[in-house]
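J.:
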Amino acid sequence: MVAVGILPKDIAIYAVPVVTLMLGLLIGYLAQRSGYCSIGGFRDFYLFRHTRLLSGYITLILASFAGYLLFWFIIPSAMEGFLWANTNGLFTAIPGAPGGLSPAAYFLFAIIPGLFIGLICVYLGGCPIRQTVMASEGNYKAAWFFVGMCIGSIIFAAWVSGAVVVLMKLIGFGV
Amino acid sequence: MYTHMSDQSGSEHTGQSHRDWMRHPAFLGALIGILAAFTQALLISAGGPVAYGFCVACHTRDLVNGLTNIVAGTHLALAPISANAVLPVMSIVGVLIGGYIAAKKSKEHKIRKGTNLEYAIYFLAGVIVLQLAMIFGGCPYRAALRTGYGDLSALAFIISMAAGVIVGAYIMLKWAEREEA
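First to last, the sequence lines map onto chains A and B. The first sequence lines up with residues 828 to 1002 when you count with the numbering used here. The second sequence lines up with residues 95 to 275 when you count with the numbering used here.
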């Protein structure tokens, strides 16, 4: 089934870079003003019981649910598989993930990266968006983090994505 | 050390102004959530995946790999929405420009340099964080969007990430105490 949105495909392929650029500009501007950070939210709450940044992240989860729910009522064809766990089963992968692995593998794919992203980013002092915003504020360390993400995306596509699937099948998570 | 850490996360932004609500993280959280859903409703015809409105790691991957594919003629993997569109998603370019404009306007733009070792650590961390985020299929932001979409594995990611943050913050607290002692 092909999902159908508000714009027809011929227009949407031109609208993608424009709309996402506008969205990015708005998010970047407000993220700089507010110091928005997901890792920082959990860290500040744990260390100082500050809820300011954490409220931003919790609001994001709730607002995205509200937003998807709203547009699911307005234009159901665009919200394919909404309420994912209910429509597609517990812990199944969202499209785009490599196929041929058992649900347990996708669960491991969630918790192991989560733990290490938490550990690494709290050491760096910010999650990926905070690093990107700090890079635009003139922080050279954060700029190197961003360069690392850019090089990392080529490394991932070229080698790591295939290697991870082969490894998981090797240790018995294939279907 | 703690003041330095909270400086970086911007917790010091508690100054009074007539547009204080705009500077509250919860406002941005609500905005990203609603706009991500709207973006999907608007653009999903160009291709999936779902719950892809905003993601720092995935959109960086799409931008870099998409432009590399166009310039160098390679076939690096990227999301269908970026592969089908004339140009890949541009939200990261927007974040960089938007952050720069905001920093310039509020006179917070300041060159902060580090040592070569720090640059190497941050570069390596960037590479590793991207691999981890791609294995999961999203950064903390897409995890939130996926949770909002009803994906329980994304909720497991968030809980696990919170655990990682607590362990990491605890270790850094111990390091700091040892330095002071």
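Note that CB positions come from ideal geometry on N, CA and C, so glycine has one too. Note that the structure is a prediction, hence the values are computed from the model and not measured.
Using only the heavy atoms of the ligand NAP, determine whether one of them is closer than 7 Å to the beta carbon of Leu-246(B).
T.: With respect to the ligand NAP, the structure shown offers nothing to examine, as it has no ligands at all.
J.: Residues bridged to Gly-1001(A) by DSSP?
T.: Leu-928(A)
J.: In the structure shown, what three-state DSSP assignment does Arg-206(B) receive?
T.: DSSP places Arg-206(B) in strand when its eight states are reduced to three.
J.: Since Asn-966(A) sits in a beta bridge, which residues does DSSP pair it with?
T.: Arg-206(B)
J.: Apart from the five residues on each side of it in sequence, which residues of its chain come closer than 7 Å, Cβ to Cβ, to Ala-970(A)?
T.: Ala-962
J.: When Cβ atoms are compared, which residues of the region 895 to 914 of chain A fall closer than 9 Å to chain B?
T.: Tyr-895, Leu-896, Leu-897, Phe-898, Trp-899, Ile-901, Ile-902, Ser-904, Ala-905, Met-906, Glu-907, Gly-908, Phe-909, Leu-910, Trp-911, Ala-912, Asn-913 and Thr-914
J.: Of the residues Asn-210(B), Thr-209(B), Gly-208(B) and Gly-193(B), which one's Cα is nearest the Cα of Glu-202(B)?
T.: Gly-193(B)
J.: Counting only beta-carbon separations shorter than 8 Å, does Ala-893(A) have a partner in chain B?
T.: yes
J.: Please tell me whether Val-261(B) and Ile-981(A) are closer than 8 Å, where the distance is taken between their beta carbons.
T.: If you check the CB distance, Val-261(B) and Ile-981(A) do not come in under 8 Å.
J.: Taking Cβ-Cβ distances shorter than 7 Å, what residues in chain B pair up with Ile-981(A)?
T.: Neighbours of Ile-981(A) in chain B, taken as residues whose beta carbon is under 7 Å from its own, are Val-158, Asn-159, Thr-162 and Leu-170 in chain order.
J.: How about Gly-232(B) and Leu-942(A): are their beta carbons less than 8 Å apart?
T.: no
J.: Below 9 Å on C-beta distance, what does Lys-204(B) contact in chain A?
T.: Close to Lys-204(B), with beta-carbon spacing below 9 Å, are these residues of chain A in chain order: Glu-964, Gly-965 and Asn-966.
J.: Can you tell me which of the three DSSP states Thr-108(B) falls into?
T.: In this predicted model, Thr-108(B) has a pLDDT of only 46, less than 50, meaning its place in the structure is not dependable enough to derive any value.
J.: Going along the chain, which residues of its own chain have a beta-carbon closer than 8 Å to the beta-carbon of Ile-833(A), five neighbours each way excluded?
T.: Ile-902 and Ala-905
J.: Please name the residue, chosen from Val-843(A), Phe-936(A), Ile-888(A) and Gly-855(A), that lies closest to Leu-994(A) on a Cα-to-Cα basis.
T.: Leu-994(A) has its Cα closest to that of Phe-936(A), out of Val-843(A), Phe-936(A), Ile-888(A) and Gly-855(A).
J.: With 16 as the cutoff for other CB atoms within 10 Å, does Ala-140(B) come out buried or exposed?
T.: buried
J.: Is there a C-beta anywhere in chain A that falls below 8 Å from the one on Val-165(B)?
T.: no
J.: Counting only C-beta atoms, is Val-960(A) closer than 8 Å to chain B at any point?
T.: yes
J.: Run the CB neighbour count on Glu-907(A), radius 10 Å, all protein chains shown included, and call it buried at 16 or more, exposed below.
T.: Per the 10 Å Cβ criterion, buried.
J.: How about Thr-959(A) and Gly-188(B): do their beta carbons lie closer than 8 Å?
T.: no
J.: With a threshold of 8 Å between beta-carbons, can Ala-858(A) be considered close to chain B, or not?
T.: yes
J.: How about Phe-869(A): is its C-beta nearer than 8 Å to some C-beta of chain B?
T.: yes
J.: From the beta carbon of Ala-932(A), is the nearest beta carbon of chain B less than 8 Å away?
T.: no
J.: Just the C-alpha distance for His-877(A) and Leu-857(A), rounded to the nearest angstrom, thanks.
T.: If I take the Cα positions, the gap works out to 20 Å.
J.: CA-CA distance, Tyr-235(B) and Gly-989(A)?
T.: 24 Å
J.: Measuring only between beta-carbons, confirm whether Ala-890(A) sits less than 8 Å from chain B.
T.: yes
J.: Between the region 984 to 997 of chain A and chain B, which residues of the former have CB atoms less than 9 Å from a CB of the latter, in chain order?
T.: Going along the region 984 to 997 of chain A in chain order, one finds Ala-984, Ala-985, Val-987, Ser-988 and Val-991 with a Cβ nearer than 9 Å to chain B.
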